[in-house]
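These protein sequence lines map, in sequence, to chains A and B. Sequential numbering from 1129 applies to the first sequence in our numbering. Sequential numbering from 998 applies to the second sequence in our numbering. Cβ atoms here follow ideal geometry from the backbone N, Cα and C, with glycine treated the same way. Everything numeric in this text was worked out from a predicted model, so none of it was measured.
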Amino acid sequence: MSHSSDDTLGTAASLEEQHAVEQFLYREARLLDERRYLDWLGLLTDDCTYRVPIRENVLAVRGKPPVTIDDELSELAYFDDDKLTLAAKVLRLGTGTSWGENPPSRTRRIVSNVEIAPGENPGEHLVHSNLVLHRSRRVDQVSQFTGQRRDVLRRTDKGLLLARRLVVLDMSICDSSHMGNFF
Amino acid sequence: MARNVDPNLEAEIPGLLSEDGTWVSRRLFFDPELYEIEKERVFGRSWLMVGHESQIPNPGDFFLSFMGEQSVIVVRDNAGAVRVHLNTCPHRGMPVCREDRGNARTFFCVYHGWNFSRDGSLVGIPNQRASYPEDFDTSNLGLIAVPRIETYCGLIFANHDADAMSLEDYLGDMTWYLDTSLNRRAGGVEVVGVQKWRIGTNWKVPAENMIGDVAHAPATHSSVFQIAPGDPAAEQALKSVLEYGRNVALPNGHGGTFRVYPKDDVEGRLPGETALRDVPGVGEYLASIQAEAEERLGPVRKHLKIATCTTFPNLSLLGSNFTFRVAHPRGPMKTEVWSWVFVDCDAPSEVKDAMKKFFSLTFGPGGIFEQDDGENWEGVTYGASGVGASEHAFHYGAGLDAGPHPELPGTVSRVYSEHTQRGMYRRWHDLMLVP
Ligand code: FES
Ligand SMILES: [Fe+2]
């Protein structure tokens, strides 16, 4: 997947389209914070893929180019989903017996630094954004996950939909027993 | 290496466990003083799994791992041998390796610049002439080597105790069971990546869960069974747990929960969860290698599958999910789990990919099983430690009728049994009783 170094700045999209993309991301964040997971599923294309790879510590080698984010991404992921497995996860959250999310955690997603570039296919945007996911669980358990989202948004007859998401986390180890929330 | 332990504390160790292991003190799960003793008496003497040989195929390949809380470098030297060095500079203790994995010609200490070869020898000191005499002896200033390293099916085990029994003796019949996951094909297995996460629990909690806590599944994992209502595969799985499940305790604190399928149940004994076998290509692959596996495993073990098992102290393997893990201690109430996916070396790449995906779906902090395990493991650790509560021991009395079995080595019972946990805690206790 292309990354920040091959930026063509956000000039390719019109102001309206930039606005539409940002509104999509804000709305998506609100649906997740409000735990409207079924509505959230409706924002995904049927062929949507969703990955949150593990990020590793990599040393730069003297005389070689600096370490890129892609150099740090493991072949193994915390989330390695398609729409079917995401739907299963959503279904599970609704059972009332997914104890890690019952009582549900209280989340707040802050999405910013939205940049748009043309996607690989017509009608698609490659969208970079930053995410802060703040989470309060049970009585006093607080976690914060931060990362970069690399999304592909596709224009469809249902409006913009999320066709691909790769989340680059900033932590090299998950400091929580539970990553039951979507990024 | 043994430290002096306060005699009052020493005198309390015998009473932490009842004679038959049925009553276990809650202090095992939160007490900082016991934890300090345990670091030496349990983790200083046991064979600890640090990784898999497939992570370091070539000379210079290395990865960072842990033995308990001790950071270690696992590296293949120029002669092709696996070495395990403590990741601490002999000069002032700086970790000489600061990346998760890679290939290194040497390990360079970034504090004062000492440089170490793959086999651990000190090969460079900046300004050596200005600091030390001409004939300065560097031979005792290499990286500290872990004295014992042995392998089984590519799993690398290391032991701080130079006098420890051999790995083969230590594992004993555990390999008879582990073979059913790791030794199915002549080409062996390789591992993919490693998932790491921290849980607010004592390391023994995940270890005792995997050693045969089948009883937790219906309550803890209810949500997973609920999203497949009426699914004949899920119903069959639940039925087979009761009918075919056996818990087995082995010497040295190992044990697990296994399924022994009837001789004519050719389908049931295929490895992997049904949902994984349904992925295009995977079921076909697993069926296609079954003849080879059955030939290798022989008449009894070809009917046997690992559900979950624990090799004492902290290595656990989940058969149907093709993953093993180590629960590294990180303080009395904190554990860092490292989890690897294992795949047959000779499996097609789409099968390997499917296994990776299935692992992330089910286990690890994003997994639909693991999340609720984590919730409970944190809860029991928190719940164990309160004033008043902490004086009341936990009961591990289920399955007192465990005994020998005509075909399976070890002490065997039906699945709703805690005798594998009693075995684990007796082993822990035996080690703790020896200063
Ligand atoms: S601490 Fe490593 S060279 Fe001084
Ligand atoms: Fe579990």
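In this structure the segment 1040-1060 of chain B does not lie against the segment 1145-1156 of chain A, because fewer than three pairs of beta carbons, one per stretch, are closer than 8 Å.
The C-beta of residue 1176 of chain A comes no closer than 8 Å to any C-beta of chain B. Counted as a single uninterrupted DSSP element, the alpha helix (DSSP H) harbouring residue 1005 of chain B occupies residues 1004-1009. Under the three-state reduction of DSSP, residue 1360 of chain B is assigned to coil, being neither helix nor strand. Distance between residue 1217 of chain B and residue 1314 of chain B, taken at the CA atoms: about 19 Å.
Within chain A, no residue has its beta carbon less than 7 Å from that of residue 1400 of chain B; the closest one is some 35 Å off.
Counting every other CB atom within 10 Å of its CB across the protein chains shown gives residue 1344 of chain B a total of 16 or more, marking it as buried.
When DSSP states are grouped into helix, strand and coil, residue 1129 of chain B belongs to the coil group. If you draw a 10 Å sphere on the C-beta of residue 1089 of chain B, you find fewer than 16 other C-beta atoms in it, and that means exposed.
Any heavy atom of ligand 1 counts here; residues with a Cβ closer than 7 Å to one of them, in chain order, are B/1086, B/1088, B/1089, B/1090, B/1091, B/1093, B/1106, B/1108, B/1109, B/1110 and B/1111. Contact annotation: the segment 1388-1401 of chain B does not touch the segment 1283-1297 of chain B, with fewer than three C-beta pairs closer than 8 Å. Take residue 1378 of chain B, set aside five residues on each side of it, and the residues of its chain with a beta-carbon closer than 8 Å to its own are 1026, 1027, 1197, 1198, 1199, 1202 and 1330, in chain order. At a C-beta separation below 8 Å, residue 1193 of chain B has these neighbours in chain A: 1182, 1300, 1301 and 1302.
About 6 Å separates the beta carbon of residue 1186 of chain B from that of residue 1342 of chain B, a gap short enough to meet the 8 Å contact definition. Within the same chain, Cβ atoms closer than 8 Å to the Cβ of residue 1430 of chain B are found at 1010 and 1011, the five residues on either side in sequence being excluded. Bounds of the alpha helix (DSSP H) holding residue 1206 of chain B are 1201-1207.
Residue nearest to residue 1211 of chain B within the set B/1224, B/1190, B/1192 and B/1240 is B/1240 (criterion: CA-CA distance). Nearest to residue 1200 of chain A by C-alpha distance, out of A/1304, A/1298 and A/1269, is A/1298.
For residue 1357 of chain B, the chain A residues whose C-beta falls within less than 7 Å of its own C-beta are 1205, 1206, 1207 and 1208, listed in chain order. The Cβ neighbour count for residue 1192 of chain B, taken over all protein chains shown within 10 Å, is at least 16; the residue is labelled buried. What residue 1185 of chain A touches in chain B, judged by beta-carbon distance under 8 Å, is 1095, 1096 and 1097, going in chain order. Per DSSP, the beta-bridge partners of residue 1067 of chain B are B/1064. Each of B/1350, B/1390, B/1016 and B/1393 was checked against the Cα of residue 1273 of chain B, and the nearest Cα belongs to B/1350. When secondary structure is reduced to three states using DSSP, residue 1167 of chain B falls in the helix class. A straight line joining the alpha-carbon of residue 1363 of chain B with that of residue 1277 of chain A spans about 17 Å.
Chain order gives no chain B residues near residue 1253 of chain A, where near means a beta carbon separation below 9 Å; the closest approach is about 26 Å.
From the beta-carbon of residue 1372 of chain B, the residues of chain A found nearer than 8 Å are 1227, 1228, 1305 and 1306. From the beta-carbon of residue 1219 of chain A, the residues of chain B found nearer than 7 Å are 1224. Proximity to residue 1195 of chain B across A/1310, A/1305 and A/1262 peaks at A/1305, based on C-alpha coordinates. Not one beta carbon of chain B lies nearer than 8 Å to the beta carbon of residue 1196 of chain A. Linking residue 1052 of chain B to residue 1338 of chain B through their CA atoms gives a straight-line distance of about 12 Å. For residue 1098 of chain B, the enclosing beta strand (DSSP E) stretches over residues 1098-1100. At a cut-off of 8 Å between beta-carbon atoms, residue 1021 of chain B makes no contact with chain A.
Within a 10 Å sphere around the beta-carbon of residue 1416 of chain B sit 16 or more other beta-carbons, which makes this residue buried.
For residue 1206 of chain B, the shortest separation between its Cβ and any heavy atom of ligand 2 lies below 7 Å. Excluding residues up to 5 positions away in sequence, nothing lies with its Cβ nearer than 6 Å to the Cβ of residue 1175 of chain B in the same chain.
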